[in-house]
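Using this note's numbering, you'd call the opening residue of the sequence shown number 206 and step up by one each time. We treat Cβ as the ideally placed atom computed from N, Cα and C, and that holds for glycine. Structure first, then comments.
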Amino acid sequence: MNQASTNYAGFFIRLAAYLIDLLLAGGIIAMINIPLWIVKLLVSDSVVFTNILFGYDIFDIINFCLLSAYFIIMTYTCGRTVGKMLMKIRVVSVNSQELTFGQIFFREVIGKYLSGILYLGYILVGIDSEKRGIHDIVADTRVVYDIR
Numbered sequence: 206m207n208q209a210s211t212n213y214a215g216f217f218i219r220l221a222a223y224l225i226d227l228l229l230a231g232g233i234i235a236m237i238n239i240p241l242w243i244v245k246l247l248v249s250d251s252v253v254f255t256n257i258l259f260g261y262d263i264f265d266i267i268n269f270c271l272l273s274a275y276f277i278i279m280t281y282t283c284g285r286t287v288g289k290m291l292m293k294i295r296v297v298s299v300n301s302q303e304l305t306f307g308q309i310f311f312r313e314v315i316g317k318y319l320s321g322i323l324y325l326g327y328i329l330v331g332i333d334s335e336k337r338g339i340h341d342i343v344a345d346t347r348v349v350y351d352i353r
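So, in structure tokens, the structure goes:
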């Protein structure tokens, strides 16, 4: 990818896209989870709501998997999420090849976990010359303005 001719998407446009995605996906997931929340209130001592992994219960793990699935599936199939579509940005591979499922999975799960540590990986988007977060660096991806 030619850096001189590429218009990388910066921190605030990416943050706006992410907030849109959280509202959309989070709203859908919340509607799915309403019955589980009711059950949790009624049967709070159930094994489903017992902490099993680093203080998280199965309910938390399911929510994480659903949200991750949204980002993985949308980015893999479309190169962008709904928030990125509205902001007219997309995820691309550094080598100008099609994004692979492994690359997207690594970016959206492992890379975003690493970026979330003290949010340093996201802050990096604002200072890196190619506007990369740690999740972009480890997955060899960039977020660019979609000029199609």
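Backbone CA spacing between residue i and residue j [nearest angstrom]
i: ARG219; j: LEU329; result: 12 Å
i: ILE283; j: SER251; result: Reading the sequence as shown, one finds Cys at residue 283 and not Ile. When rounded, the distance between both Cα atoms is 39 Å.
i: LEU189; j: ILE239; result: Absent from the model: residue 189. The displayed extent of the chain is 206 to 353, so no value can be given.
i: LEU271; j: ALA222; result: 18 Å
i: LYS317; j: ILE237; result: 24 Å
i: ASP341; j: LEU319; result: 11 Å
i: ILE339; j: SER298; result: 14 Å
i: VAL244; j: GLY231; result: 19 Å
i: TYR261; j: SER334; result: 37 Å
i: THR211; j: LEU241; result: 45 Å
i: GLY326; j: ILE278; result: 22 Å
i: LEU229; j: SER273; result: 13 Å
i: THR346; j: ILE322; result: 19 Å
i: PHE259; j: TYR324; result: 19 Å
i: THR280; j: MET292; result: 14 Å
i: CYS296; j: ILE263; result: A small correction: the amino acid at residue 296 is Val; Cys does not occupy that position in the sequence shown. Their backbone Cα atoms lie some 31 Å apart in a straight line.
i: PHE217; j: LYS336; result: 11 Å
i: ALA235; j: ASN268; result: 9 Å
With 16 other Cβ atoms within 10 Å as the buried cut-off, status of residue i
i: GLN302; result: exposed
i: ALA209; result: Low local confidence applies: a pLDDT of 49 at ALA209 is under 50, so the model's placement there is unreliable, with the coordinate-based value given in what follows. Result: exposed.
i: TYR213; result: buried
i: THR305; result: exposed
i: VAL248; result: exposed
i: ILE266; result: exposed
i: TYR275; result: buried
Supposed contact pair residue j and residue i - C-beta distance, whole angstroms, cut 8 Å
i: ASP351; j: ILE294; result: 6 Å
i: VAL343; j: PHE311; result: 6 Å
i: GLY331; j: GLY215; result: 7 Å
Heavy atom of the ligand ZN within 7 Å of residue i beta-carbon
i: GLY284; result: In the structure shown, the ligand ZN is absent, as is every other ligand, since no ligand is present at all.
### Task
Report yes or no: do three or more beta-carbon pairs, one from the stretch 254-265 and one from the stretch 276-296, lie closer than 8 Å?
no
### Query
Taking only runs of the alpha helix (DSSP H) that begin and end inside the stretch 241-314, which ones reach a length of at least 4 residues, in chain order?
263-283, 287-292, 306-310
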